[in-house]
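In full-length UniProt numbering, the protein residues as written are 1 to 392.
Just so you know, even glycine gets a beta-carbon here, dropped at the ideal spot from N, CA and C.
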């Protein structure tokens, strides 16, 4: 009896072991073997031993339950897929370029393009340890090409990249062909309207003062303080607004034109420090308050960086010969010097920096590159109207 009880105990323990479920929730080994034996007895194959392994595999496959987390939900595309679709649009050729290819072009004729060789420039920047990756540089080049193809641009270059909290800014510096800037004429009309309003205000103020001469004795004393006159904004193609700037948050996204910068915005940008969010329409919450949104703040920062950090080897640029020599103090139009032979490495790395010059105009304490005489009343209107006539 003792042997039989031990054997019965071992059988119970063995069966209990076979009835244990797998750790992943699958059926037990006992159920799997019972199902295999039931199939063999039902089908009674001739080579049961040979097909046992395949039958076991098919049995496991039939009872397999995939984990729901292993399947990807394709309803919402990932950010990587959306970014790849954005970049893929850069490699689609503009249909207008096919017409240029079909046109008869002299192979010996040099074709001028507004874009410089950005890849070559990036190579030299990489030698100095700065710049972005080659892949990103090529995408920027394609994005600039789309900007040039869709606008009457004379020159275009990649100004730089500014990092933001949500998105980054890729900045393009362009110059439109003479008379083809779509917003230049509108800007002049706005300035003319402002001058008319100031003239009307001055005339109405003078007429009001003349009517109140007799009542001066009974009039309540008023403070004599008058706010300083607002510094006029520099016109397009001059000073801080000499160039036009576009931005995009990613190569392949639409380009957005930045508004002209005003002296008041430059002054306010010097008094605050703000992180860029990457949204041009975001408001600037600061003290003192900034007159504009993030696009205006970015434009003010670009003007400050360009005026203080853009340099060139001495002699690389020269003034145009048709400019009047008497206006040397205000000349801001320059071209590349074809006779410039370059400087040696020793001259370029000289610690005194005597061989490097700022070729852009300096922002004066008046927050302009060209000083304007600030007067009040009719004289100011005459000066502003005269400048408008000269620009027409």
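- Query: For residue 382, does the count of other Cβ atoms within 10 angstroms reach 16, so buried, or fall short, so exposed?
  - Reply: For the purposes of this step, residue 382 is taken as residue 382 along the chain shown, with counting starting at 1. In this predicted model, residue 382 has a pLDDT of only 49, less than 50, meaning its place in the structure is not dependable; the value taken from the coordinates is given anyway. With fewer than 16 Cβ atoms within 10 Å of its Cβ, residue 382 is classed as exposed.
- In angstroms, rounded to a whole number, what distance separates the CA positions of residue 378 and residue 235? Along the chain shown, read from residue 1 onward, the residue named residue 378 stands at position 378. Along the chain shown, read from residue 1 onward, the residue named residue 235 stands at position 235. Residue placement at residue 378 is flagged as unreliable, the pLDDT there being 49, under the threshold of 50; the coordinate-derived value follows with that caveat. Roughly 21 Å between the two C-alpha positions.
- Message: Do residue 358 and residue 251 count as a contact pair if the criterion is CB distance below 8 Å?
- Response: The count along the chain shown starts at 1 and reaches residue 251 at position 251. The count along the chain shown starts at 1 and reaches residue 358 at position 358. For residue 251 and residue 358, no; Cβs fall outside 8 Å.
- Item | Residues near residue 35 in its chain [Cβ-Cβ closer than 7 Å; skip 5 each side] | Working through the chain shown from its first residue, we reach residue 35 at position 35. Taking residue 35 as the centre and dropping the five residues before and after it, the same chain places the C-beta of 59 closer than 7 Å to its C-beta, in chain order.
- Do residue 304 and residue 266 have their C-beta atoms closer together than 8 Å? Residue numbering aside, residue 304 sits at position 304 when the chain shown is read from its first letter. Residue numbering aside, residue 266 sits at position 266 when the chain shown is read from its first letter. Less than 8 Å divides the Cβ of residue 304 from the Cβ of residue 266.
- Does DSSP classify residue 367 as helix, strand or coil? The count along the chain shown starts at 1 and reaches residue 367 at position 367. Correct three-state label for residue 367: coil.
- Task: Might you give, ordered along the chain, the residues of its own chain that have their beta carbon closer than 8 Å to the beta carbon of residue 89, omitting 5 neighbours on each side?
- Result: Here the question's residue 89 lines up with position 89 in the chain shown. 252, listed in sequence order.
- Host alpha helix (DSSP H) of residue 147 (start-end): Walking along the chain shown from the start, residue 147 turns up at place 147. Note, residue 147: alpha helix (DSSP H), 134 to 149.
- Item | Simplified DSSP state of residue 247, which is helix, strand or coil | If you number the chain shown from 1, residue 247 lands on position 247. The answer is strand: DSSP assigns residue 247 an E or B state.
- Query: Taking C-beta to C-beta, are residue 245 and residue 269 nearer than 8 Å?
  - Reply: Looking up residue 245 in the chain shown gives position 245. Looking up residue 269 in the chain shown gives position 269. Contact: no.
- Query: Looking at the structure shown, is residue 16 part of a helix, part of a strand, or coil, going by DSSP?
  - Reply: Mapped onto the chain shown, residue 16 falls at position 16. In the structure shown, residue 16 sits in a helix (DSSP, three-state: H, G or I).
- Whole-angstrom Cβ separation of residue 294 and residue 282, contact assumed at under 8 Å? Taking the chain shown and counting its residues from 1, one reaches residue 294 at position 294. Taking the chain shown and counting its residues from 1, one reaches residue 282 at position 282. About 4 Å separates the two Cβ atoms, so the contact holds.
- Task: Counting only the same chain and skipping the five closest in sequence on each side, list residues whose C-beta sits under 7 Å from that of residue 271.
- Result: For the purposes of this step, residue 271 is taken as the residue at position 271 of the chain shown. Here residue 271 has 288 as same chain residues with Cβ atoms under 7 Å from its own Cβ, once five neighbours each way along the sequence are excluded.
- Item | Local Cβ density within 10 Å of residue 337, reported as buried at 16 or more and exposed below that | Within the chain shown, the letter at position 337 stands for residue 337. Classification for residue 337: exposed.
- Task: Rank 28, 10, 9 by C-alpha distance to the C-alpha of residue 18 and give the top, closest one.
- Result: Stepping through the chain shown from its first residue, residue 18 is reached at position 18. Looking at the Cα atoms, 28 is the closest of the given residues.
- Item | Limits of the beta strand (DSSP E) - the one that residue 155 falls within | Working through the chain shown from its first residue, we reach residue 155 at position 155. For residue 155, the enclosing beta strand (DSSP E) covers residues 153 to 162.
- Task: In angstroms with no decimal places, state the Cα-to-Cα distance between residue 254 and residue 146.
- Result: Start at 1 with the first residue of the chain shown, and residue 254 comes out as number 254. Start at 1 with the first residue of the chain shown, and residue 146 comes out as number 146. Residue 254 and residue 146: Cα-Cα distance of roughly 9 Å.
- Pick helix, strand or coil for residue 78, following the three-state DSSP scheme. Locating residue 78 in the chain shown gives position 78, counting from the first residue. Reduced to three states, the DSSP call for residue 78 is coil.
- Item | Under the three-state DSSP convention, the category residue 372 falls into | As a first step, residue 372 is located in the chain shown; it is residue number 372 there, counting from the start. Correct three-state label for residue 372: coil.
- Determine the burial state of residue 242: buried for a count of at least 16 other Cβ atoms within 10 Å of its Cβ, exposed for fewer. Start at 1 with the first residue of the chain shown, and residue 242 comes out as number 242. Result: buried.
- Would you mind sorting residue 114 into buried or exposed? The rule is 16 or more other CB atoms within 10 Å of its CB. The residue given as residue 114 occupies position 114 in the chain shown. The residue is buried, with at least 16 neighbouring Cβ atoms inside 10 Å.
- Task: Return the first residue and the last residue of the beta strand (DSSP E) that residue 231 is part of.
- Result: In the chain shown, residue 231 corresponds to position 231, counting from 1. Residue 231 -> no beta strand (DSSP E), and no H or E assigned at all.
- Are the stretch 157 to 167 and the stretch 271 to 280 in contact at 8 Å, needing three or more beta carbon pairs? Enough Cβ pairs lie closer than 8 Å, so yes.
- Same chain, Cβ closer than 6 Å to residue 314, neighbours up to 5 away in sequence not counted: Your numbering for residue 314 matches position 314 in the chain shown. Hits under 6 Å: 355, 357.
- Which class does residue 171 belong to by DSSP, given the choice of helix, strand or coil? Along the chain shown, one-based indexing puts residue 171 at 171. Annotated three-state conformation of residue 171 is strand, per DSSP.
- Message: According to DSSP, is residue 87 part of a helix, a strand, or is it coil?
- Response: Working through the chain shown from its first residue, we reach residue 87 at position 87. Per DSSP, reduced to three states, the secondary structure at residue 87 is helical.
- Message: In this structure, how does DSSP classify residue 114 when only helix, strand and coil are distinguished?
- Response: To locate residue 114, count along the chain shown from 1; it is residue 114. Looking at residue 114 - three-state DSSP - the assignment turns out to be coil, as it is neither helix nor strand.
- Take residue 343 as the anchor and find which of 316, 368, 41, 85 has the nearest alpha-carbon. As a working mapping, residue 343 is identified with position 343 in the chain shown. Minimum Cα distance to residue 343 is reached at 316.
- residue 313 in three-state terms, based on DSSP: Residue 313 sits at position 313 when you count from the first residue of the chain shown. Three-state result, residue 313: strand.
- Item | Pair within 8 Å by beta-carbon distance, residue 373 and residue 263 | Taking the chain shown and counting its residues from 1, one reaches residue 373 at position 373. Taking the chain shown and counting its residues from 1, one reaches residue 263 at position 263. In this structure, residue 263 does not lie closer than 8 Å to residue 373 by Cβ.
- Query: Identify the residues that DSSP records as bridge partners of residue 318: which are they?
  - Reply: Within the chain shown, the letter at position 318 stands for residue 318. Beta-bridge pairing links residue 318 to 335.
- Spatially closest choice to residue 249 from 306, 163, 333, 184, by CA coordinates: Locating residue 249 in the chain shown gives position 249, counting from the first residue. The candidate whose alpha carbon is nearest that of residue 249 is 163.
- Task: Between the Cα of residue 12 and those of 22, 26, 30, spot the shortest distance and give me the residue it belongs to.
- Result: Translated into the one-based positions of the chain shown, residue 12 becomes position 12. Comparing alpha-carbon positions, the option among 22, 26, 30 lying closest to residue 12 turns out to be 30.
- Query: In angstroms, rounded to a whole number, what distance separates the CA positions of residue 390 and residue 307?
  - Reply: Walking along the chain shown from the start, residue 390 turns up at place 390. Walking along the chain shown from the start, residue 307 turns up at place 307. Residue placement at residue 390 is poorly supported in this model, since its pLDDT is 48, which falls under 50; the coordinates still yield a value, given next. Computed Cα separation, rounded: 25 Å.
- Just grab the DSSP bridge partners of residue 256 for me. Here residue 256 refers to the residue found at position 256 when the chain shown is read from its first residue. DSSP output for residue 256 lists 247 as bridge partner(s).
- Quick one: residues in its chain with C-beta nearer than 7 Å to the C-beta of residue 152, no 5 flanking neighbours on either side, listed in chain order? If you number the chain shown from 1, residue 152 lands on position 152. Only 176, 177, 180 meet the Cβ criterion.
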